[in-house]
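Chains as they are written, first to last, in our numbering: chain R, 1 to 920; chain X, 921 to 1840. Worksheet for the structure shown next.
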């Protein structure tokens, strides 16, 4: 090995027209090295340089520094000569100095984990030459002091000893600034910087006992070895462990010439996009500055100019600048440097085509020569993502499948919900962060009570409903509000689930928000906000802002429709929606839902008379009393079902029988208990006694789901009757309803059997009464872990399974979703969990149960229909998992239907691809 | 088939010296038929009769009644002749009538599910002959009216139409009794009975249009067909479904001669045991009555006499009856009928040896001839079970293995705990029934508060502590009480777990008990009991009685010790105990525990100063504050561990780190919160705020177990330090401690990894400080379902697994043990569940997870030590399961150690047997 490596090429040149390496040599050259080589080979003018291979890192780790330097010394020198030739400058040459950067670059991206050294080659001599060239002495001294700081820190180890210690260079800098009464670094004069360099060098000498190295080669070797060293620093090690990157891989190192856009008026620097990152339009665009460094473009000190003339003219119009002034003060690159522009334009075209995606380019023009510093796939808005993807497909650059895979399903949210105005958002003050419970952006006045929210919204005002937690009693207020903010509760709390169903922005579990209902204030980090003050919510990120922020309504383009058609073409799994009422059902249908996967019946019991009858039933002491109350509920439920079935006509509707524990329907406050007692004509004591007797230590694991229907079969009977009668009534009107009756929370085959018996015998009774029939299915939720374990036996009594992965996650992890907010964030921060398992389905654990239940269930019943109706049914990673384990459908909240459809199609496309090729 | 069956023998005779069938023909003759044949073949004088095979039942079901009768007619007639010959009487013969019984008898026992008809052959003529023989006209008419009732009901179908309807014969009977002012059936005269028979017959004629059949053969065919019919009655069908008995099996029918012990002074009837059912001594014993029916012996109207002379003399002594009077009024069978006695004595010897177990015999002497009506393995006390089993083994009748298998492990409880005096118990009034939470019997005064219980017990009074639920604050009272009764809580509630640990009688979850702490009363079904009144508890059955009942203290015999030695010899799995203090540890060790499998640390935090420091820690707002409080707890914990380790020296002690949610350590009542605030020098508001912030919706699924240790690593650090320091301190005294540190509630491999790191690094630190080391293990509980699913990965960081099947049952079923008391009884009653899964481990569901975790865990780590520390570790069925899935040990409460040892041995014996022979 030792011998072998000696004979191997260890340094690879890139630059000019041809690189030694290419994009396939990722293992040897690292990701960055391979990309640089590829850019060069594509004909892009990249500042030249060379890559020291990962094998050298291994040598270094095995045999140490001296051995490693010896092994590459000659090759590095040869390559440096090539770089000098390309750049027309010399490394360490006084008048015409070539400066270099040294950067890590492993096989797998490890952003920010290893070290970088810039401006190698600067010393007391060469900085004179650079000052001449740039005509900017301040800049050069500033670069020099930065170089000493960086080198001193990384190579010479003058780092703070611990987090609490101060950086020794910072200490010196602050002292000087105090002496000079300089507020910022920029306030220091060139002379101040010279003084600073002196003090920095003294500190180096004091600490290391040696002078700061002036010899560029010494600087180079030191930097290269320090970067190799950084492969083994604690944060890099930790990152590798987290991402399963083997320690043996090692990093490559890229030593590259530095170029400067601030070398006078034939120099410039800029950033550009091959397509519009906001709209996705196929228009080259970007900004630049003459005689400037990269940072200047984004720093906002000088107003950047537009690259294209068209862009410049449009910009001037928006900024209300006359054409004359524009031409004078803000001319485009196209006008100022037409030939460079032409070269840049061709290049961007080439890169866009080569990478088959919108590119985000960084370039520098140094003394009339264009250099590309970076090209990468550009970040974009959701709308742009769809447009660009579909355009690339139509342009023939990518296939249908590739177009589908290019989309990030979650970004479709931006097309479905309002978003903040980007400019205004930059100025906004974030005051808290919660869970991104339901996407979208909203601005409105803080209101704490649902009824107030409804009233104030009726006056045409915009409202944010702010609650500790929401309950079904808050539905009217949630409906009236622009957005909902809760201090407690997770991704599957009441607020979150209902808001997603409504397509309404919601931030939940914002722990920093302290609400005082009595004073009608909320306090965040010591600052008090009164009812009526404005706040803004970003439900996509979970951010809460002070004051108003302008929002933009979503627009759905034709591209979106075409994308959905593509998804439809490639998907195997179909998508249903979770919806409890005709309105949500219609939304879902418009988004392409193929039915309802979860129609909860409990929400139907809360309004007006219903809750009275419901409470009467709960208060009843015997079956007779319960039946009497249920008789009152029957026509109400039947009507509800008729509405939902009609909205979903010809498509199946899965109705889940009563699930929550009965105490959820009883009032817990004295006032409301009194009211209930009056309404039902019983004593308050009776109400209180019932409330107490129904109290549970762990309601999540209590008397709910089919445990209710099996202790009180008359409830299941009534609900079945309502469902079947509704379907039969619609049939008379020639409307086809396809009910699927779903039993919640089964864990024992006999439990399911008993419920199946009740449903089937009730249905038969109703058929007889109507002298007519409808098709219907009986199935169950699989949510209790035990149900997954005995799925084969449960399948004997079920025509379909629907996975309730919310509850299954709770029970499989032993996490109450109402309480885990205390430790889940800590667990994610400490790296114990990668994600919140309530957001992204835990494939490692919960997934095993899901997969086992599917395999065993289908073994027992070949044509068992299988879906998911937990909140994971709308989360892209989870949807792909559902595809892989062969579910028939996923069901999610209406506004996530398009996202689920896209993710389902991606799952299918990936599966086909992996069956064709071996996937790494 | 139809032809084939015609040629087969369909009726099998038994009686005399030889039966047509034998014990191996169970499928054809049913269980009862095969047993009768075996008895005959063994030489036992059984009243003769014949068995109609199960195949006839199949014929009957397929081709109907007429076909079936035709198919067996001739065979039945031939066999009836044999019976007549044996009995010296004729079927339907006026002066010397032979009466027959018709009973069902399927392959598998289905007790009480099918019908029986007795006294076939009685009619207006034959009853005259019987009256002459018995000299008891009343008895004969009474038998006749019973026969008409039974036959009318079963064969002729004069049944009540539904549960609400009245039995038509009962209605007639009640009318007559009213007319005759007869309070009981016995008050009716012979003439009244004749009138009753008249009216019964009229009812039959009115209802069926036919006369009641006088012809014995018509009676016989009707009865046989009715019994075949009863194979398909709803309760039999339901029973078969529950017990997986195929419908196709069908039942056989046994037609057998009836014998009468009331045919004058040469007739008698009695019951006998081949050994003493109370003590197990090998002494023949029993009771008899001259000229009596079987019921008379047990009915208590006449005082039964002893069978043996020895027994009779002893009995007379106890009853203070002179020898003279005894001889005259209560002579033994041995004295009265010496030759019959001799025959009986030989027979019982033969049967005891043949069945190799203590037999419970029923016999009748009819006119000087002895008939055995039944022999079966006799019921016995726990002490008798041990003595008989060990005696049989020593007598060479059964092997060591067989002796072990003969024991019912749960019955050992009677040897370990007090039991009620049997006689007094019969007179006691049961007022409620709860869960048999901890075995034993107790009598005492009702006391509602722990402190009072302690005081009153100190006065030498016996106390039953009665609480809605118990909490750690009640420990002193529980300790002082004879027994504990709670209105709420299951088999694994605080009361149940602690009581079992103390070996103290406890009935939990007695829902009928309503406690009013203010009034200091408890009300049961409307009756109020004041504090100070006496009640009695049977913790083995869950029964609660009014008043005092004498109890008997347990005695452990030498047989018990020998049995434990046998168990030790044959077991593979060893047994540990769950114990938190030196006292329990000692009890466990004395019972043969091989270490502690679960030492909970949280109970250590409740007393005196400890709870103050604990609360200080909880109240702390940062790590520093927590560390300060933990420092106070360290020496206390260390001392506790030293005590436990010393009691268990040389044996391993598994210490579980802190498990319950922190709010369990905070007071929830205003008064106590005030006290806590004063003690800690903080405001009441601060306490209340902390209590509220720690409140959880579902504490079972909340911030507990290793989630605490991972959010507050300093807690795990302190506990580890206390454990390791304790072990090192003992080492200085030459006492060997073997700590096994157990992490609770892991569900994610990274969780375990993090805790392992904390434990190991802390231990190393302590070793360094002490400049000495001890051996220790780090392992985890497997209780969260997810832990079982990813057990291979968790095993990488664990040296042992201990299954926490309490919590695993909760999460796998989704049942909160605190709340499931509402629906579990309903589920068991409805047959959805066969057992309470908190009592008997659910092998079908939870068992899958356990088995998977063991297999996967050992795949990852071959020598992984595996045990169970859930309450199931002391339940015999569950212990056998643990053996089958290859656990190394089970751990249970100290008083269940012998039971677990026996069950473990049984598991091993059964496994060896099944590896030798094929087991059905």
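Beta carbons are placed, not taken as given, at the ideal position from N, Cα and C, and that holds for glycine. Just so it is clear, the structure is predicted and the values come from calculations on it, not from any experiment.
Asked	Found
Where residue 1789 (chain X) falls: helix, strand or coil (DSSP)	coil
Residues near residue 1359 (chain X) in its chain [Cβ-Cβ closer than 6 Å; skip 5 each side]	1333, 1337, 1459 and 1460
Residue range of the beta strand (DSSP E) that includes residue 1281 (chain X)	1279–1286
Separation of residue 692 (chain R) from residue 1796 (chain X), as counted between CA atoms	37 Å
Straight-line gap, residue 7 (chain R) to residue 375 (chain R) (C-alpha atoms, nearest Å)	34 Å
Counted within 10 angstroms of its Cβ, other Cβ atoms place residue 302 (chain R) as buried (16 or more) or exposed	exposed
Chain-ordered neighbours of residue 1768 (chain X) on chain R, where CB pairs are closer than 7 Å	789
Interface flag, residue 1089 (chain X) vs chain R, CB-CB below 7 Å	no
Below-7 Å beta-carbon distance, residue 718 (chain R) vs any chain X residue	no
For residue 192 (chain R) and residue 180 (chain R), believed in contact at Cβ under 8 Å, the rounded distance	5 Å
Alpha carbon of residue 917 (chain R) to alpha carbon of residue 207 (chain R), nearest angstrom	Note that residue 917 (chain R) scores a pLDDT of 47, beneath 50, so its modelled location is shaky and nothing firm can be said.
Of the residues R:273, R:879 and R:281, the one placed nearest residue 287 (chain R), counting alpha carbons only	R:273
Sub-7 Å separation of residue 852 (chain R) and residue 788 (chain R) beta-carbons	yes
Local Cβ density within 10 Å of residue 1420 (chain X), reported as buried at 16 or more and exposed below that	buried
Chain-ordered residues of the region 351–374 of chain R with a beta carbon less than 9 Å from chain X	none
Minimum C-alpha distance to residue 570 (chain R) - residue among R:545, R:124 and R:904	R:904
Coil, strand or helix - residue 515 (chain R) by DSSP	strand
Beta strand (DSSP E) runs wholly inside the region 205–278 of chain R, at least 3 long, in chain order	251–257 and 268–273
Any chain X beta carbon closer than 7 Å to residue 703 (chain R)	yes
Residues in the region 788–811 of chain R having any Cβ partner in chain X nearer than 8 Å	789, 790, 807, 810 and 811
Every unbroken alpha helix (DSSP H) within the region 563–604 of chain R, with a cutoff of 4 residues, ordered by chain	582–590
Cα-Cα separation between residue 1436 (chain X) and residue 1451 (chain X), rounded to whole angstroms	10 Å
Residue 1827 (chain X) (DSSP reduced to helix, strand or coil)	helix
Residue from X:1017, X:968 and X:1090 with nearest C-alpha to residue 1065 (chain X)	X:1090
Selection from R:449, R:456, R:524 and R:435 that minimises the alpha carbon distance to residue 490 (chain R)	R:435
Sequence-distant residues of the same chain with beta carbon closer than 8 Å to residue 1120 (chain X), five excluded per side	1065, 1068, 1069, 1072, 1089, 1092 and 1132
Which of helix, strand or coil DSSP assigns to residue 1740 (chain X)	helix
DSSP beta-bridge partners of residue 1294 (chain X)	X:1282
Expected contact under 8 Å - CB spacing of residue 560 (chain R) and residue 386 (chain R) to nearest Å	6 Å
Any 3 or more C-beta pairs closer than 8 Å across the region 1280–1291 of chain X and the region 1178–1186 of chain X	yes
Coarse secondary structure for residue 718 (chain R), derived from DSSP in three states	helix
Amino acids of chain X, ordered along the chain, whose beta-carbon sits closer than 8 Å to that of residue 832 (chain R)	1630, 1668, 1670, 1671 and 1674
Residue-chain proximity (residue 1159 (chain X), chain R), Cβ-Cβ < 7 Å	no
Residues near residue 468 (chain R) by beta carbon distance below 7 Å, same chain, minus five either side	486, 487, 488 and 515
Test: residue 1743 (chain X) CB closer than 7 Å to a CB of chain R	yes
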